[in-house]
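Residue numbers (the working numbering), protein chains in the order written: chain A, 157 to 533; chain B, 216 to 558; chain C, 187 to 658. From the three backbone atoms N, C-alpha and C, an ideal C-beta is built for every residue, glycine too. Keep in mind that this is a model prediction, so the values were computed, not measured. Encoded as structure tokens, the structure appears first; notes follow it.
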Amino acid sequence: MTSNKREKSLIVIQLSGGNDYLNTVVPYSDGKYYDSRSVVNIPQDKVIKIDDRLGFNPSMGPVKSLWNEGKVAVINGIGYENPNRSHFRSMDIWHTAEPDTIGKEGWLGRAIRDIDPQGDNVLTGINFGRGLPRALAVPGVSVASVGDLETYGLFPDVQDEELRMFTLEAFSRMYGNTAGRDPVMELLGRTGQDALQGADILRTAPAMYSSSVEYGPDSLAQNVKAISQVFHANLGARVLYTQHGPFDTHSGELASHAKLWDEVAGSIGCLMDDLKEHGTEDDATILVFSEFGRRIKDNGSGSDHGSGGVAFMIGGAVSGGMYGEYPSLAEAEQIEGDLRSNNDFRSVYTEILEDWLDLDAPSIVNGQFEKHGILKS
Amino acid sequence: MSTQTKSPGIALDYVKTIGIVNNGFNGRGFANPYDIVVDGDKRIFILNRCDPARADAIRVGICTLDDEYLGEFGKGNGTGDGQFIWAVAMALDSQNRLHITDEHSNRVTSYSLSGDYLSHWGKAGSGDGELNGPAGIAFDSSDNVFVVDQHNSRVQKFTVDGKFIANWGSFGSGDGQFNLPWGAAVDNYDNVYVADWRNDRIQKFDNDGEFLAALGSSGDGEGQFMRPTSVAVDPEGFIYVADWGNERVQVLGPDGSFQLILKGEATTSKWGEEYLASNPEEKAERDISNLIPALPAHLNTPYHISSQTEPYFWGPVSVSLDHEGRLYVVETNRHRFQVYQKR
Amino acid sequence: MISNDTAMTAHLLRRAGFGASREELEQYMAMGYDGAVEALLNPSDAGNMPDDLIRRYHVEQSELRDLAGSAAYWMYRMISTSAPMEEKTALFWHGLFATGYAKLNQARSLLNQVEMFRRSGLGSFEDLLVELSKDPAMIVWLDNNENHGTAINENYGRELLELFSMGIGNYTEDDIKECARAFTGWTLGNAEYMSIRAAKDSIWPYGRIAWHFDYREEDHDDGEKTFLGETGRFNGEDIIRIIVKQESTARFVATRLFQFFAADEISEAGEKTIQDMMATYFSSGYQVRDMLRTLFQSDYFKSEEARFARVKGPVEMVVGAIRMAGNYQNPALGIEKVSNTMLYMGQGLLQPPTVEGWHEGSEWIDSGALVERVNFAAKELSDVRSPGVRSIIDRLQAGSDDGVLDPEDLADGCLDLLGPIGVSDETRSVLVEYATRKGDLDLNGHQPGDEAEQRVGNMLRLVAATREYQLA
């Protein structure tokens, strides 16, 4: 904990609901885009141009700035074979790295278990938001779900500080003696102690944090700020996860999608500024993904579930650039009106697990996958 | 199909269906619509109650009979100015201002038809002029407004700015008593009609609240209601009732006699067609499906039947009329309204 | 003084219900144990919150377009029922025949399945399996709509044998195929349209269209089949008739009922009870009600060993606390947040993660879930404005010496009225010490929300936070 070279952390921002790839990385010079997206499109003059073919959604200014610094990897056409267009199922597939059967363990839950097999540090993996995503879930692996960092812990509704302290103290004593009891009581005891300990430690994070960066008021920004606070508190958190949405833009897409990306890009920009300020830009990598992209043809007001999406990896250790292939909009290339993915998401997982978290990837992602070479060696 | 018996004095022809479910965001479509008002320029204003998961999208949508979505307005979910929690019903005053009741916040909020918030009035309580669950709302020819005060079991009369004038009613099933009343309407003679929801009837009063008649009884037969939520009266005095619990609309004559029942016969709306055009596989299956299937015995209540039969009314919460003999039936569970034309 | 009667009835109500307030307990105690068992096993007059009221205020529970409102609807039923076995039985079968929203995107049909569990869940297991096979939510869940006479899909046929009755090792792969053949043609109306809508989570144009069973005779393979050694032109009902005759089926049903209604772990004494239940299974003609009677009347169930032998599932935890506090008696904003809370604790109603259901018992406990559980119960039971808590305050006062409670009275009283909950000496001493901080509690002339009442709320909070409170 006191060494200068800190261990690498992964920060995940999940875009829930199916982020519209075509309006995120826009193929503005392709006539077929405007043909298919007669209503729900980004005009050529509004796109933030990356090159003469592709541009970012106008709300992604901060991402473009980072792109210019070479810190953004865009993974085009990411997905898996036999795309599934159901939110739950497709997100499950991303969470468990199991496209063909029903996976039971989250890929990051497994990673956390491999990082800390004895469960010595209850804060190795933390979810920012309530309700643990399947990605982090593995039986026996402790992962805190922090809805609000300032109030996280037991008895948050007890306003009176003194009363809360006495209640926590009583809780600690009640859950204290675990030895020699029946297994269930023992488990409860240990778990309660873990929870208390985790909460105690996490609560110190905001106080230790100081930064000139001002995060936005939206829920993602607040979660990302909490991620930064915990990350910079050096508590040994290696996986920090949060999500934003809803990206399920079946109607009124242009306005909603713009607002959402405003928030996502804003949060990422703030976080990267924060990392820079603390000198930790090379110690964290951000993964941004969604469970699928959306259909090529719009429905007059929005777009419906599709396949083949885009993911991002952002950070000081990232070799910025375009990875994968931008899927063709030609009809012959489509899968039932959707974009065809050309690289498996488990390749990205493999690279993160092996080259960033220093773990054995195949046992976590159930197979061998070729890496893109996104992380600088 | 309109069911006609005993040569009713009225005939209603189905015209079209307008709507599509909107997942809560902005843009064309509805999110649990609860009421409709048509203005003098034939613009249709739709109040979207919205489910809690998307409560920030609470708004009034505007469209035309030609399926043009003109826009929407609202300030979202909450208790701030112009915001709503449980919006119920709307009415237009003579100055073209829209007044909307909120049964959770116990107040009436007004907007201009161009979507500007104007004001709100109303305070929780049971004293004169205080509200507990305001639901139906209707204006008379003097711009006085009647608000159905559901949990206080009464109807209250106010000026257009919310100054208390009078009230009547108490809890019960006798004449002039109410049980969780919901919708209200005013006819050409300034008589007041109330959908007396849990008494399964419509009650009629004069402009001062004197009881005139009680129409209907509990049941699913002709002239019977199951939890009627809304009532509208046309210039000839025909009474249209949203018979919500029976998933149907009933029309009574000016004398209260049974005229006809509508079950709903929705067709795919224009916005629905647009969606299906971009989803051809789904459209192909839909086209060969039987949208009015035979159902097993245990799914025999109107609610269950409508949940399985897309063209039928499901959650017909409100009936409204325009000045050209059209009836609008708003279905909250189907995110649409069906339009009928009086012959 | 905690009488054994009270403790025993409370134990029964924790299993056959969601626990009980002292008022409810007294009603059941007045019936005597046998009377209470019979009343519970013959649920009637549930007195649920009426559907018209629910649908008037909660559009989302009328339409059931999404999951949140749907789970909340079931919560209202569980909270308001005065026939708790109706809901507990439905919850049991829901966990066993785990059918999940994720693949169906059809909440109305899922709730219809739950309604079927209420209707048929205590009757004949044979009838229940037939109804289950005709349930459209189950059909889509296990792809039986893809099971055709010309090309079988084995999913339902397999799980019916593996997870819903005999269990692995009691049939062959061939039996699975024959079973699948027998269920060909058992599909839902407009199957192809419904199935594409489910796969795409389509709510267009007009929201969801609910499902109903449809038998497609032309798709049914009515050829001769050999299943578990019997031969005939079997249809689904015939297969089920053969399945329910098997001892392995009896053991399966008895074991699962035991684990849900008696104890997470099966001891030697428990094993004997399971065997008794299996005997009842056969002698009663596969009646679940009779098997449960055997269980509730068994020496094992009435013994100390069975007390607090289960970890409460999140649904039991949440519903139990709400019922005890007497909240949500009428439709109210916020109920959907409560159903989300159960999801955060690891048990999302109507969304079991897979057909294997939830992993129950001690697997409910992890640090995230424990924090949610403790926080929820603590908050619910410490609110002195809730009718149930006010009732506890009144009873404490009535049962005290001139309205004054010493620290032990306060701790013991709260433990009693919230259960009675049996706790270890160590736990109890922490509770007493906590109460001792402020000395004796004088409840005379207490006013709503005053310090005296808050002290009761604080003690209830701490009891709700004990390890023992996590157990049923």
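Neighbours of C:LYS624 in chain A, taken as residues at a C-beta separation under 8 Å, are lacking, since the least C-beta distance is about 10 Å. Residues of chain A with a Cβ closer than 8 Å to the Cβ of C:VAL497 are, in chain order, VAL340. B:ASP415 is outside the set of residues whose beta carbon lies under 8 Å from a beta carbon in chain C. In the same chain as A:GLY332, and ignoring 5 residues on each side of it, the C-beta atoms closer than 8 Å to its own belong to GLY345 and GLN349, in chain order.
Annotated three-state conformation of C:GLY375 is coil, per DSSP. Counting only Cβ-Cβ distances below 7 Å, B:ASN494 has contacts in chain A at ASP460, in chain order. Taking all protein chains in view, the Cβ of B:ASP281 is surrounded by fewer than 16 other Cβ atoms within 10 Å, so the residue is classified as exposed.
Listed along chain A is no residue with a C-beta nearer than 9 Å to that of C:ASN330; the closest approach is about 17 Å. The beta carbon of B:ASN263 does not come within 8 Å of any beta carbon belonging to chain A, so the residue lies off that interface. The shortest CA-to-CA distance from C:ASP237 to any of B:GLY340, B:ARG442 and B:GLY377 is the one to B:ARG442.
Against chain C, a Cβ distance below 7 Å from A:ILE258 picks out THR540.
In the displayed model, C:ILE425 falls within a helix according to three-state DSSP. Contiguous alpha helix (DSSP H) elements confined to the stretch 188-263 of chain A occur at 217-224 and 243-252, taking only those with 4 or more residues.
Secondary structure note for A:GLU325: it is in no beta strand (DSSP E), and the uninterrupted alpha helix (DSSP H) holding it is 317-330.
Shown here for B:GLN523: same chain residues with a beta carbon closer than 8 Å to its own, the five before and five after excluded, namely PRO508, LEU510 and LEU514 in chain order. A:LEU416 and B:ARG322 have their C-alpha atoms some 33 Å from each other. In summary, the residues of the stretch 364-376 of chain C whose CB is separated from some CB of chain B by less than 7 Å are GLY375 and ASN376, in the order they occur in the chain.
Per DSSP, the continuous alpha helix (DSSP H) segment holding C:ILE265 begins and ends at 253-266. For B:HIS519, the uninterrupted alpha helix (DSSP H) segment begins and ends at 517-523. Boundaries of the alpha helix (DSSP H) harbouring C:LEU596: 593-603, taken from the DSSP string.
Per the C-alpha coordinates, the member of C:ARG304, C:ILE579 and C:MET217 positioned closest to C:ASP191 is C:MET217. For A:PRO295, a Cβ of chain C is located within less than 8 Å of the residue's own Cβ. Taking the CA atoms as reference points, C:ARG623 sits about 19 Å from C:LEU582.
The three-state secondary structure of B:PHE552, taken from DSSP, is strand. Judged by beta-carbon spacing, C:LEU290 lies within the 8 Å limit of C:TRP327, meaning their Cβ atoms are closer than that value. In this chain, the alpha helix (DSSP H) harbouring C:ASN644 covers 637-650. For the C-beta of A:ASN455, the chain B residues within less than 7 Å are, from N- to C-terminus, GLU489, TYR490 and SER493. For B:HIS314, the enclosing beta strand (DSSP E) begins and ends at 312-317. For A:ARG451, the C-beta contacts it makes with chain B under 7 Å involve SER493, in order along the chain. Contacts with chain B at 8 Å (Cβ-Cβ) do not include C:PHE447.
For B:CYS265, the secondary structure class from DSSP, reduced to helix, strand or coil, is coil.
C:TYR243 and C:ARG559 have their C-alpha atoms roughly 28 Å apart.
For A:GLN385, the enclosing alpha helix (DSSP H) covers residues 375-388. Counting only residues of its own chain and dropping the five nearest sequence neighbours on each side, B:ASP271 has a CB closer than 7 Å to the CB of GLY291 and ASN292.
Note on the stretch 446-473 of chain B: whole beta strand (DSSP E) runs with a minimum of 3 residues are 454-458 and 463-467, in chain order.
A:ASP511 is not a Cβ neighbour of A:SER165, given a cutoff of 8 Å.
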